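Visitor:
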Amino acid sequence: MRGLGAIVPLLLLGAAPPAPPATTGAEVQKYQEAVYPEALLKAEQQGNVLLSGRIDRTGNVADLRPIAASYPGLVGPAVTAVKAWKFKPATLNGKPVDIAANVGVRFRVKSNKRGIIPQPILGDLPVFPADASGKRALPEGFPIRLGTDPKILADAVLDVEPNPKPRKITVRVEATSPSGRPYILLETPASVAGGAVDVRVPVVAAVGSDWEEGVWTLRFLADGREAGGGQFWVARDPSRFDFAAALRKP
């Protein structure tokens with residue numbers, strides 16, 4: 081409880097100015113775990129499913145589609161689970177907004193084989209607008225604003241099979257524009273510690289003056305093999321850009 085000593089200055093100086101409307105990321109309010117298919121569980125076949133879509137202004141997951149999966153049989157349970165998730169929607173200046181969503185769903189057994197997967201695949205792919213230093217300018221899933229955000233940051237996590245010895249994996253990241261134009265954002269060796277089951281792969285790239293508005297795709301390769309991907313969206317004026325309509329274009 082506030083004491084009288086704290087109240088008197090307010091009475092003398094007048095009410096404090098209202099706080100500016102908040103800009104916030106989406107927050108999970110309801111989570112449903114994916115059901116592990118019995119046949120894959122018994123065979124201890126582990127892996128990930130990568131999904132992309134959007135979290136709409138009511139906090140629902142919409143326009144969800146699979147991007148990659150370690151096993152086809154994992155896709156259905158992953159989609160069913162994520163569709164049931166509920167979020168407190170993201171806000172921009174206090175108002176709910178649509179944001180892009182990249183979702184990784186992991187399936188792991190509880191045994192000494194935990195973490196053994198067929199090949200490296202993304203587990204997490206949060207994408208952010210970034211400032212000139214590469215730091216986050218807005219929360220995850222917000223659009224890259226042409227003329228405002230000089231860089232894009234993808235703070236990716238690549239899941240790998242544990243190996244007692246340290247090693248390196250060559251990671252290549254490609255972005256494709258809405259019209260199909262490819263851009264190489266990163267190609268670098270990633271150091272994996274001995275026994276590690278994942279490695280963080282930060283991707284920081286300059287936003288080009290020739291970048292198009294619309295939904296872009298991201299593709300990751302690990303040692304030349306497909307490792308999943310996701311999406312982000314670019315707009316000069318996000319308030320006038322229909323993300324949902326752009327996402328549904330073939």
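According to the numbering used here, the stretch in the sequence shown is residues 81 to 330, in order.
We put the CB at the ideal spot given by N, CA and C, even for glycine.
Since we're looking at a predicted model, the values are computed, not measured.
Three Cβ pairs or more, each shorter than 8 Å: is that satisfied between the stretch 276–287 and the stretch 123–142?
Guide: Segments in contact, no.
Visitor: Based on DSSP bridge pairs, tell me the residues matched to Lys231.
Guide: As a working mapping, residue 231 is identified with position 151 in the sequence shown. DSSP output for Lys231 lists Ala210, Ala286 as bridge partner(s).
Visitor: Which residues bound the alpha helix (DSSP H) around Leu121?
Guide: Indexing the sequence shown from 1 puts residue 121 at position 41. Its alpha helix (DSSP H) spans residues 118–122.
Visitor: Alpha carbon to alpha carbon, how far is Arg188 from Arg254? Give it in angstroms, no decimals.
Guide: Walking along the sequence shown from the start, residue 254 turns up at place 174. Walking along the sequence shown from the start, residue 188 turns up at place 108. Checking the sequence, you will find Glu at residue 254 rather than Arg. C-alpha separation (whole angstroms): 28 Å.
Visitor: How big is the Cα-Cα spacing for Lys248 and Lys215?
Guide: Along the sequence shown, read from residue 1 onward, the residue named residue 248 stands at position 168. Along the sequence shown, read from residue 1 onward, the residue named residue 215 stands at position 135. One C-alpha to the other measures close to 26 Å.
Visitor: What does DSSP give as the partner residues of Val183 in its beta bridges?
Guide: Here residue 183 refers to the residue found at position 103 when the sequence shown is read from its first residue. BP columns for Val183 point to Leu131.
Visitor: Please classify Ala358 as buried or exposed, where buried requires at least 16 neighbouring CB atoms within 10 angstroms.
Guide: The displayed coordinates of the chain run from 81 to 330. Any statement about residue 358 would go beyond what the structure contains.
Visitor: Buried or exposed for Ser150, going by 16 or more other Cβ atoms inside 10 Å?
Guide: Your numbering for residue 150 matches position 70 in the sequence shown. With 16 or more Cβ atoms within 10 Å of its Cβ, Ser150 is classed as buried.
Visitor: Starting from the C-beta of Leu202, find all residues in its chain whose C-beta is less than 8 Å away, skip the five residues before and the five after it, and write them out in chain order.
Guide: Position 122 of the sequence shown holds residue 202. Same-chain partners within the cutoff: Asn128, Leu130, Ala148, Gly184, Ala236, Val237, Leu238, Asp239, Phe300, Ala307, Gly308, Gly309, Gly310.
Visitor: I need the DSSP call for Gly294, collapsed to helix, strand or coil.
Guide: Locating residue 294 in the sequence shown gives position 214, counting from the first residue. Reduced to three states, the DSSP call for Gly294 is strand.
Visitor: How would you label Arg194, buried or exposed, when you count the other beta carbons within 10 angstroms and need 16 or more for buried?
Guide: Your numbering for residue 194 matches position 114 in the sequence shown. By the neighbour-count rule (16 or more Cβ atoms within 10 Å), Arg194 is not buried but exposed.
Visitor: In angstroms, rounded to a whole number, what distance separates the CA positions of Pro200 and Val155?
Guide: Along the sequence shown, one-based indexing puts residue 200 at 120. Along the sequence shown, one-based indexing puts residue 155 at 75. Taking the straight line joining both Cα atoms gives about 17 Å.
Visitor: Is the distance from the Cβ of Glu292 to the Cβ of Pro258 below 8 Å?
Guide: For the purposes of this step, residue 292 is identified with residue 212 of the sequence shown, where counting begins at 1. For the purposes of this step, residue 258 is identified with residue 178 of the sequence shown, where counting begins at 1. Cβ distance < 8 Å, so Glu292 and Pro258 count as in contact.
Visitor: Which residues in the same chain as Val207 place their Cβ atom closer than 6 Å to its Cβ, once the five residues preceding and following it in sequence are excluded?
Guide: The count along the sequence shown starts at 1 and reaches residue 207 at position 127. Here the set comprises Ala234, Phe312.
Visitor: Since Thr160 is in the beta strand (DSSP E), which residue starts that stretch and which ends it?
Guide: To locate residue 160, count along the sequence shown from 1; it is residue 80. Unbroken run through Thr160 is the alpha helix (DSSP H), 155–163; no beta strand (DSSP E).
Visitor: So the candidates are Gly221, Arg252, Arg316, Arg320; which of them puts its Cα closest to the Cα of Ser132?
Guide: Mapped onto the sequence shown, residue 132 falls at position 52. Comparing Cα-Cα distances from Ser132 to each of Gly221, Arg252, Arg316, Arg320, the minimum goes to Gly221.
Visitor: Mind checking Val115: buried by the 16 CB within 10 Å criterion, or exposed?
Guide: One-based indexing of the sequence shown puts residue 115 at position 35. The residue in question, Val115, is exposed, as its Cβ has fewer than 16 Cβ neighbours within 10 Å.
Visitor: Which residue from Lys329, Val295, Arg305, Lys110 puts its Cα closest to that of Pro223?
Guide: As a working mapping, residue 223 is identified with position 143 in the sequence shown. Of the listed residues, the one whose Cα sits closest to Pro223 is Val295.
Visitor: Taking the CB atoms as reference points, tell me whether Val281 and Pro246 lie closer together than 8 Å.
Guide: On the sequence shown, position 201 is the one that residue 281 refers to. On the sequence shown, position 166 is the one that residue 246 refers to. No, Cβ-Cβ distance for Val281 and Pro246 is not below 8 Å.
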